[in-house]
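Below is one structure, written out as structure tokens; the observations come after it.
Protein chains: 2
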Amino acid sequence: MKDKGRLTSSLEDYLEAIWLLSRESKVVRVRDVARYLGVTPASVVSAVKVLARRRLVEHEPYGYISLTDKGVEQATQIYKRHTILARFFRDILGLDPNSAERTACILEHHISEKALTRLTKFLEFVEECPDATPYWLKGLHHYMKTGKRSVICPLRGKQR
Amino acid sequence: MKDKGRLTSSLEDYLEAIWLLSRESKVVRVRDVARYLGVTPASVVSAVKVLARRRLVEHEPYGYISLTDKGVEQATQIYKRHTILARFFRDILGLDPNSAERTACILEHHISEKALTRLTKFLEFVEECPDATPYWLKGLHHYMKTGKRSVICPLRGKQR
DNA sequence: TGACAATTTTAGACTTAACTTAATATATTA
DNA sequence: TAATATATTAAGTTAAGTCTAAAATTGTCA
Chain A
1046 MKDKGRLTSS
1056 LEDYLEAIWL
1066 LSRESKVVRV
1076 RDVARYLGVT
1086 PASVVSAVKV
1096 LARRRLVEHE
1106 PYGYISLTDK
1116 GVEQATQIYK
1126 RHTILARFFR
1136 DILGLDPNSA
1146 ERTACILEHH
1156 ISEKALTRLT
1166 KFLEFVEECP
1176 DATPYWLKGL
1186 HHYMKTGKRS
1196 VICPLRGKQR
Chain B
1046 MKDKGRLTSS
1056 LEDYLEAIWL
1066 LSRESKVVRV
1076 RDVARYLGVT
1086 PASVVSAVKV
1096 LARRRLVEHE
1106 PYGYISLTDK
1116 GVEQATQIYK
1126 RHTILARFFR
1136 DILGLDPNSA
1146 ERTACILEHH
1156 ISEKALTRLT
1166 KFLEFVEECP
1176 DATPYWLKGL
1186 HHYMKTGKRS
1196 VICPLRGKQR
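Residue numbers (my numbering), protein chains in the order written: chain A, 1046 to 1205; chain B, 1046 to 1205.
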């Protein structure tokens, strides 16, 4: 009966943090998450309660926090959104790594699955191009820097 | 002394709505905005009060709502974010128009100026290409649809 | 011109989200 | 086992965004 809906940005951040921490630490405690996100332990406890109600994490009182399968799946998805976005803004649009990261951190909570799929395919198209960096991408980056097109474009003429 | 900060998504929506309506109607009333956004007039009044405090709109009680220069500027910016994003997702990533619109409506509130600038340049690079649709873009779209690369890419070989 | 209709405004309340502090409870470990 | 670290709860704050219902204003037209 309950409508689940999407997690809020904040809850996604908690879930992502738990997932990230569990990749390095074997066990994750309230304290770790609190430190990582810069909030009080009390805030973590509330958030974990919500995540637990949604069966994304498991947590016995005073115990460790662990992700359920569903939690891992969702955290992975969030992180994937993050990395795809970061790669796009960094590698394609040439944003400096910091800005690309910051952009990804925000947009990862808002981009739709559909849009992400396309973005993913785009990156795939570029990064798995059989022969290194596609010529047009070099042209784009040149254009971003100088405002001028490389000669390749005009030369291709009239293929309407 | 007051920290202005950014508008919330909701307030941006109000500002954008006022701007859009004023492009077609000469004058904009509380009622119009309420209808357009699907909220009650009371909600519009509260929002307009905030926007007025920020000198983005002017509004004498019981009168019309008009944008200040600053308001126009900011609304234009929001709308630009919207259109750039919509164009990107529709024309480059090949999202259907509806999805592209919906995506733009959400992301327009979150994308940074820096990221938008790059996106803009990217579209410029593509859409103002001297000779129609760049070949690589056709290749991308072909790849999106079929998962297969057109022959052009392998042929370009080894330019590392 | 005066009353009715439409519109706007206010006041008050509700909901949700996210967070905090302070007090209490449980674990860990020296 | 007492001191320390950690976790939980309870209660409260702030903020945004909305609503309803009542009151105020304005516009219109018979």
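Cβ atoms here follow ideal geometry from the backbone N, Cα and C, with glycine treated the same way.
Residue i touches chain B at which residues, Cβ-Cβ below 8 Å?
i	result
Trp-1210 (chain A)	Residue numbering for chain A in the displayed model covers 1046 to 1205; residue 1210 (chain A) lies beyond these limits and cannot be assessed.
Using the Cβ count rule (16 or more neighbours within 10 Å means buried), how would you classify residue i?
i	result
Arg-1076 (chain A)	exposed
Thr-1191 (chain A)	exposed
Tyr-1188 (chain A)	buried
Ala-1160 (chain B)	buried
Val-1089 (chain B)	buried
Glu-1173 (chain B)	exposed
Lys-1203 (chain B)	Low confidence applies here, because Lys-1203 (chain B) scores a pLDDT of 41, under 50, leaving its location unreliable; read the following figure in that light. Lys-1203 (chain B) should be labelled exposed.
Glu-1158 (chain B)	exposed
Lys-1047 (chain A)	Only weak support exists for where Lys-1047 (chain A) lies, its pLDDT of 47 falling under 50; the value from the coordinates is given anyway. Exposed.
Arg-1205 (chain A)	Bear in mind that the predicted position of Arg-1205 (chain A) carries a pLDDT of just 36, short of 50, making it too unreliable to give a figure here.
Pro-1199 (chain B)	Legend: pLDDT at Pro-1199 (chain B) = 47, less than 50; position of this residue unreliable, value from coordinates given subsequently. Exposed, because fewer than 16 other Cβ atoms sit within 10 Å of the Cβ of Pro-1199 (chain B).
Kindly list, in the order they appear in chain A, the residues whose Cβ is closer than 9 Å to that of residue i.
i	result
Tyr-1124 (chain B)	Per Cβ cutoff of 9 Å: no residues; Tyr-1124 (chain B) is ~18 Å from chain A at best.
If the criterion is Cβ atoms closer than 9 Å, does the pair residue i and residue j meet it?
i	j	result
Leu-1066 (chain A)	Val-1084 (chain A)	no
Leu-1152 (chain B)	Leu-1138 (chain B)	no
Thr-1285 (chain A)	Leu-1140 (chain A)	Since the first residue shown for chain A is 1046 and the last is 1205, residue 1285 (chain A) is missing from the structure and cannot be characterised.
Arg-1163 (chain A)	Phe-1134 (chain B)	yes
Ile-1156 (chain B)	Arg-1132 (chain B)	no
Arg-1100 (chain B)	Gly-1116 (chain B)	yes
Val-1072 (chain B)	Tyr-1109 (chain B)	yes
Would you mind telling me which residues of chain B sit closer than 7 Å to residue i, beta carbon to beta carbon, in chain order?
i	result
Leu-1164 (chain A)	Leu-1138
Just the C-alpha distance for residue i and residue j, rounded to the nearest angstrom, thanks.
i	j	result
Asp-1114 (chain B)	Ile-1123 (chain B)	14 Å
Ile-1063 (chain A)	Ser-1111 (chain A)	8 Å
Pro-1086 (chain B)	Ser-1144 (chain B)	29 Å
Lys-1049 (chain B)	Leu-1052 (chain A)	28 Å
Tyr-1081 (chain A)	Gly-1184 (chain B)	43 Å
His-1104 (chain B)	Pro-1175 (chain A)	60 Å
Ala-1120 (chain A)	Gln-1119 (chain B)	35 Å
Val-1095 (chain B)	Glu-1061 (chain B)	14 Å
Lys-1193 (chain B)	Arg-1068 (chain A)	35 Å
Tyr-1180 (chain A)	Arg-1074 (chain B)	53 Å
Tyr-1059 (chain B)	Ala-1177 (chain A)	46 Å
His-1154 (chain A)	Val-1102 (chain B)	30 Å
Leu-1056 (chain B)	Ser-1195 (chain B)	46 Å
Cys-1150 (chain B)	Lys-1166 (chain B)	20 Å
Val-1093 (chain B)	Ser-1054 (chain A)	27 Å
Leu-1182 (chain A)	Leu-1168 (chain A)	11 Å
Asp-1136 (chain A)	His-1186 (chain A)	10 Å
Glu-1146 (chain A)	Glu-1146 (chain B)	25 Å
Ser-1070 (chain A)	Pro-1142 (chain B)	44 Å
Ser-1091 (chain B)	Ser-1091 (chain A)	31 Å
Residues of chain A with a CB under 8 Å from the CB of residue i: which are they?
i	result
Lys-1193 (chain B)	Ordered by position in chain A, no residue passes the 8 Å Cβ test against Lys-1193 (chain B), which lies about 11 Å from the chain.
Lys-1159 (chain B)	Leu-1140, Ser-1144 and Thr-1148
At a CB-CB cut-off below 9 Å, which residues of chain B make contact with residue i?
i	result
Ser-1055 (chain A)	What Ser-1055 (chain A) touches in chain B: nothing, since even the nearest Cβ is about 14 Å away.
Ile-1156 (chain A)	Thr-1148, Ile-1151 and Leu-1152
When you check each C-beta in the region 1135 to 1153 of chain B against every C-beta of chain A, which residues fall closer than 9 Å?
Listed in chain order, the positions of the region 1135 to 1153 of chain B with a beta carbon within less than 9 Å of a beta carbon of chain A are Ile-1137, Leu-1138, Gly-1139, Leu-1140, Asp-1141, Ser-1144, Ala-1145, Arg-1147, Thr-1148, Ile-1151 and Leu-1152.
Chain A contacts from the region 1177 to 1189 of chain B (Cβ-Cβ distance under 9 Å)
Result list: Ala-1177, Thr-1178, Pro-1179, Tyr-1180, Trp-1181, Leu-1182, Lys-1183, Gly-1184, Leu-1185, Tyr-1188 and Met-1189.
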